[in-house]
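S.K.:
Residue numbers (our numbering), protein chains in the order written: chain A, 15 to 431; chain B, 5 to 335; chain C, 8 to 295.
Below, the structure is given as structure tokens:
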């Protein structure tokens, strides 16, 4: 059993066969590095064990594909780039510990990562304290680029507001105005629920109830009983990861899908994969989808990712990792220095080139709140679909149309003098 | 364990500053190593926060060891008091005011009094049953922290507080880098001194007696239950102090600081270093913290590394490192 | 009122599952004097083994075979790791199973992946039996029935087979049993295997309802601990009762004060300990 040696090589710069066709176009071509060049180090903190291990691993793999491309194309400021991955074990406390270690001991230049909102919030606080650039890959709560925005923090994944606004109107028009929520009892869930409720009330709908389920709930039966008793027309399930698998599975076993529409905000490929066919249903929003036949470069990324993952198709998480690492490289090359303040300034307003964006409407990092303004991919789950064709994208909604402005989101960015 | 070795080990345990000059010299070296840690840690490619974390875990484990190693109470729920200490400090800084002394006091009192209240529920039990009850009560505190969302921050943990400048008679000091290390070292020394005094008092001897032969103690008219209670409470106060330091180290605390797995780590730290030895948990903490830090960077299978360490210690070094060394020295 | 009834009934169903876990734990706690922290790990292993076996021998085959496969691994663990610790401070066996739990979680993740896996159950079990009692699905009834059969089977084994009688006698007085010529090493091994058999079975039942994740074990073990303490250590019927009580209590609490539904089982435990320290049906002075 080689469980101890299997991952020893993952800190070394990836030399795998991932294609770099895309990278070659953005960076000045430069194949090899002089031995004397000290590498630029990026520290990535993501859960590799615990509840969110599958999502964290997708982000890391996406980042590694990007790393390979960046290095093939000349790295950052002509120096090779190294990715140091640390396991947060889905514990925000551990995430903070790792951030300090990476910055103080490993001397990384930039930080990236996070799957859960809790990790993102704690990392954001720690990064500001360490005066280090931090790019939140996948922690969604509005707070990160809203009321708790910080000058050192940027975010690639969308806000919870965007997730809900991506498909609110569709759900409201299609299924009715009496909604019941099953909400995970932490920042991500709370903000999703508030965002939906706000839009629902404005549209003249009614919130019939909200059941709060703690993270890691395995048995959702009691929440489902409450939900059915309220007789809603729509049951909105806002849990994530394994909890979303469990809640959807039990809701369909109870036959709730025959009495009300079951839908929600964020849906992920990893979750659909873990669901039995009967529980694959509803209208949801993806933040990125691998199958965009009319979008150039997407197929290249899918090919490169498949080669690196052993045949798996990239999920939105993979794209977060991929785009984030590219964004760091782009910004650093633009800033021509690794200094945090210059880096932040270079990142503000940075537009992702099509080879990195892999979606329409020129996504960019908004200067006012450091939020990436990209697209939402609302649609429905294909019943009886087979992996990886599990979701039909009904529409690609630009976040610039549905998102709140930085002021509305409550972000007042302050910089050190 | 023979009576002879027991007495010898008890002496070692009870007095860290005996008349023997070699022992005194060793303590002086140990103190110097700790005092100079911010100097030599970066030189060997490490960082000061790692040293601080060793102190925090060592203090927590030494607190636990008063109960576990010296009184014989198998507590598997000490993370609860550690976590309560962290929350007490964090909540104080967040909701009341930026006074570090008050914040530490709040953490110590919250965790310590919780342990004092739990004491009577568990003190009549021993062995496995004691372990099960302490772990379950610990989980109760964990769930309170998780579900009391609007006060504790729930699952996301408590943010919005940070180390404040420390008010001292001569002015205030900002607690960054080495300053914070010395701040923790000070409280570490306070906690350790308290434990040392307790163990060298008649109370401490009675506790060791309770571990070895509780029936004999009962015949002597000493109530073992009450001893267990006192030991549990003191141990809770010291562990809470460590938790308070941990909250300040991370500027953050989350319910996982109260979770039962952390309790298990504290116990293995005690056993690893040697739980019959006063400084055993310190040695255990140093090994554990460094190994965990290293392993979790090297491989995502670090859980297995920790798990295998548990097994190796249990199967081959049940006396712990200092236990083995002490035995070898005495021939 | 109807809602309350629903919640209580629903809690009872959940309680059956806790009870199944608690029975296995309790069995091992009894004769082996070990708190088996790795119980959750073996449970997950049972589920994952079944997942691998289903394509080969089908659901029903896996339901029967996977628990035995888990039990076989349990015997290996008992022989190689736990046996050297009998007669030593209970602390050590506790730490050993704790470490084993970490390793089992890691092994399941390394072998089957971090990604959650769906576990298919026979289609006819997949629907509610009744439109009013919609939460009584075929599968949940199935879980209750299997638990009942397993419990009855366990008690039959303990009552009527030579092995079972030895186990019960060993619980009462291991030294006497040993002096009567019973091989207590074999007895303890068999008892441990029996406990893991129940864990493996619980794993498959859980997989059908929840799917499989490497962390499933650690989240399901704690209520079973509480069930044992409430029911009283040393009493199998007590563990069964404890599981049902906390299931119902948590269910009813959800109806009125949802955010206390986890804390309530610990409050019940604390209350039982204060009023009746040995638990509902426990024997005084056991394991101390």
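From the three backbone atoms N, C-alpha and C, an ideal C-beta is built for every residue, glycine too.
For residue 328/A, which residues in the same chain have their Cβ closer than 7 Å to its Cβ, ignoring the five residues on either side in sequence?
M.R.: Residue mapping note: residue 328/A aligns to position 314 of the first chain, counting from 1. Hits under 7 Å: 76, 304, 315, 316, 319.
S.K.: Got a sec? Which residues, its chain only, sit under 6 Å from residue 298/C by beta carbon, not counting five neighbours each side?
M.R.: The question about residue 298/C has no answer, for chain C in this structure spans 8 to 295.
S.K.: Between the beta-carbon of residue 290/B and the beta-carbon of residue 58/B, is there less than 7 Å?
M.R.: Walking along the second chain from the start, residue 290/B turns up at place 286. Walking along the second chain from the start, residue 58/B turns up at place 54. Yes, Cβ-Cβ distance for residue 290/B and residue 58/B is below 7 Å.
S.K.: So, helix, strand or coil for residue 148/A, using DSSP?
M.R.: As a first step, residue 148/A must be located in the first chain, where it is residue number 134. Reduced to three states, the DSSP call for residue 148/A is strand.
S.K.: At least one CB of chain A closer than 7 Å to the CB of residue 62/C: is that the case?
M.R.: Locating residue 62/C in the third chain gives position 55, where the first residue counts as 1. So, not an interface residue.
S.K.: Under 7 Å between the Cβ atoms of residue 137/A and residue 120/A?
M.R.: Taking the first chain and counting its residues from 1, the one referred to as residue 137/A is at position 123. Taking the first chain and counting its residues from 1, the one referred to as residue 120/A is at position 106. Not in contact: residue 137/A and residue 120/A (Cβ atoms no closer than 7 Å).
S.K.: May I ask you to report which of helix, strand or coil DSSP gives residue 214/C?
M.R.: Numbered from 1 along the third chain, position 207 holds the residue referred to as residue 214/C. Reduced to three states, the DSSP call for residue 214/C is helix.
S.K.: Leaving out five residues on either side along the sequence, give the residues of the same chain with a beta carbon under 6 Å from the beta carbon of residue 35/A.
M.R.: Here residue 35/A refers to the residue found at position 21 of the first chain. In this predicted model, residue 35/A has a pLDDT of only 40, less than 50, meaning its place in the structure is not dependable; the value taken from the coordinates is given anyway. In chain order, 314 place their CB closer than 6 Å to the CB of residue 35/A, counting only its own chain and leaving out the 5 sequence neighbours on each side.
S.K.: Between residue 173/B and residue 106/B, what straight-line distance do the alpha-carbon atoms span, to the nearest angstrom?
M.R.: By one-based count along the second chain, residue 173/B stands at place 169. By one-based count along the second chain, residue 106/B stands at place 102. Answer to the nearest angstrom: the Cα atoms are 15 Å apart.
S.K.: What would DSSP say about residue 121/A, mapped onto helix, strand or coil?
M.R.: In the first chain, counting from the first residue as 1, residue 121/A sits at position 107. Coil at residue 121/A, not helix or strand.
S.K.: Please list the segments of the alpha helix (DSSP H) lying wholly inside the stretch 143–188 of chain A, counting only runs of 4 or more residues, in order along the chain.
M.R.: none
S.K.: Starting from residue 8/A, find everything on chain B with Cβ-Cβ shorter than 7 Å and list it in chain order.
M.R.: Nothing can be reported for residue 8/A: it is not among the residues displayed for chain A, which extend from 15 to 431.
S.K.: Quick one: which chain B residues come within Cβ less than 7 Å of residue 240/C?
M.R.: Position 233 of the third chain, counted from the first residue, corresponds to residue 240/C. Those within 7 Å of residue 240/C in chain B are 133.
S.K.: Using 7 Å as the limit for Cβ to Cβ distance, is residue 431/A near chain B?
M.R.: Taking the first residue of the first chain as 1, we reach residue 431/A at position 417. For residue 431/A, no CB of chain B lies under 7 Å from its own CB, so it is not counted at the interface with that chain.
S.K.: Report yes or no: is there a C-beta of chain C within less than 7 Å of the C-beta of residue 127/A?
M.R.: Taking the first residue of the first chain as position 1, residue 127/A is located at position 113. No, residue 127/A does not count as interfacial toward chain C.
S.K.: Would you check if the distance between the CB atom of residue 147/A and the CB atom of residue 354/A is smaller than 7 Å?
M.R.: The sequence position of residue 147/A within the first chain is 133, counting from 1. The sequence position of residue 354/A within the first chain is 340, counting from 1. Taking the C-beta atoms as reference points, residue 354/A is found nearer than 7 Å to residue 147/A.
S.K.: At the level of alpha carbons, what is the spacing between residue 4/B and residue 147/B?
M.R.: The question about residue 4/B has no answer, for chain B in this structure spans 5 to 335.
S.K.: Determine the DSSP secondary structure at residue 91/C, reduced to helix, strand or coil.
M.R.: Locating residue 91/C in the third chain gives position 84, counting from the first residue. The answer is helix: DSSP assigns residue 91/C an H, G or I state.
S.K.: State yes or no: is the beta carbon of residue 177/A nearer than 7 Å to at least one beta carbon in chain B?
M.R.: Position 163 of the first chain, counted from the first residue, corresponds to residue 177/A. Judged by the 7 Å Cβ criterion, residue 177/A is not in contact with chain B.
S.K.: Which class does residue 61/C belong to by DSSP, given the choice of helix, strand or coil?
M.R.: To locate residue 61/C, count along the third chain from 1; it is residue 54. Reduced to three states, the DSSP call for residue 61/C is helix.
S.K.: Find the residues of chain A that neighbour residue 220/C, judging by a C-beta separation of less than 7 Å, and give them in chain order.
M.R.: Residue mapping note: residue 220/C aligns to position 213 of the third chain, counting from 1. Here the neighbours are 256.
S.K.: If I'm right that residue 83/B touches residue 267/B with Cβ under 8 Å, what's the distance once you round it to whole angstroms?
M.R.: Mapped onto the second chain, residue 83/B falls at position 79. Mapped onto the second chain, residue 267/B falls at position 263. Sure, about 4 Å apart at Cβ, within 8 Å.
S.K.: Closer than 7 Å, Cβ to Cβ, to anything on chain A: give me those residues from the stretch 136–154 of chain B, in chain order.
M.R.: 150, 151, 153
S.K.: State the Cα-Cα distance for the pair residue 102/C and residue 63/B, rounded to the nearest angstrom.
M.R.: Residue 102/C sits at position 95 when you count from the first residue of the third chain. Residue 63/B sits at position 59 when you count from the first residue of the second chain. Each residue's alpha carbon lies about 20 Å from the other.
S.K.: Would you say residue 107/A and residue 128/A are within 7 Å of each other, going by their C-beta atoms?
M.R.: Working through the first chain from its first residue, we reach residue 107/A at position 93. Working through the first chain from its first residue, we reach residue 128/A at position 114. No, the pair does not count as a contact, with Cβ atoms beyond the cut-off.
S.K.: Run through DSSP, which three-state label would residue 275/A get?
M.R.: Your numbering for residue 275/A matches position 261 in the first chain. Residue 275/A falls in the strand class under three-state DSSP.
S.K.: Can you list, in chain order, the residues of its chain with a C-beta nearer than 8 Å to that of residue 404/A? Leave out the 5 residues immediately preceding and following it.
M.R.: Taking the first residue of the first chain as position 1, residue 404/A is located at position 390. Contacts found: 283, 286, 287, 294, 395, 396.
S.K.: Tell me which residues of the stretch 56–69 of chain A have at least one Cβ-Cβ distance to chain C shorter than 8 Å, keeping chain order.
M.R.: Those would be 62, 63, 64, 65, 67, 68, in chain order.
S.K.: With a threshold of 7 Å between beta carbons, is residue 275/C in contact with chain A?
M.R.: Counted from its first residue, the third chain places residue 275/C at position 268. It does not; no Cβ of chain A falls within 7 Å.
S.K.: Name, in chain order, the residues that DSSP records as bridge partners for residue 122/C.
M.R.: The sequence position of residue 122/C within the third chain is 115, counting from 1. Note: residue 122/C sits in no beta bridge, so no partner.
S.K.: Within 7 Å (strictly less), CB to CB, does residue 259/A reach chain C?
M.R.: Taking the first residue of the first chain as 1, we reach residue 259/A at position 245. Chain C, which has a Cβ nearer than 7 Å to the Cβ of residue 259/A, makes this yes.
S.K.: What does the Cβ neighbour count give for residue 265/C, buried or exposed, with the cut at 16 atoms within 10 Å?
M.R.: For the purposes of this step, residue 265/C is taken as residue 258 along the third chain, with counting starting at 1. Buried is the call here.
S.K.: So that I know if they touch, is there some Cβ in chain C lying closer than 7 Å to that of residue 315/B?
M.R.: Along the second chain, one-based indexing puts residue 315/B at 311. So yes, residue 315/B belongs to the interface.
S.K.: Considering only DSSP beta bridges, list what residue 223/A is partnered with.
M.R.: For the purposes of this step, residue 223/A is taken as the residue at position 209 of the first chain. According to DSSP, residue 223/A bridges with 194/A.
S.K.: Could you pull the DSSP bridge partners for residue 69/B from this structure?
M.R.: Translated into the one-based positions of the second chain, residue 69/B becomes position 65. DSSP lists no partner for residue 69/B.
S.K.: Under a three-way DSSP split, which group does residue 281/B fall into?
M.R.: Against the second chain, residue 281/B aligns to sequence position 277. In the structure shown, residue 281/B sits in coil (DSSP, three-state: anything other than H, G, I, E or B).
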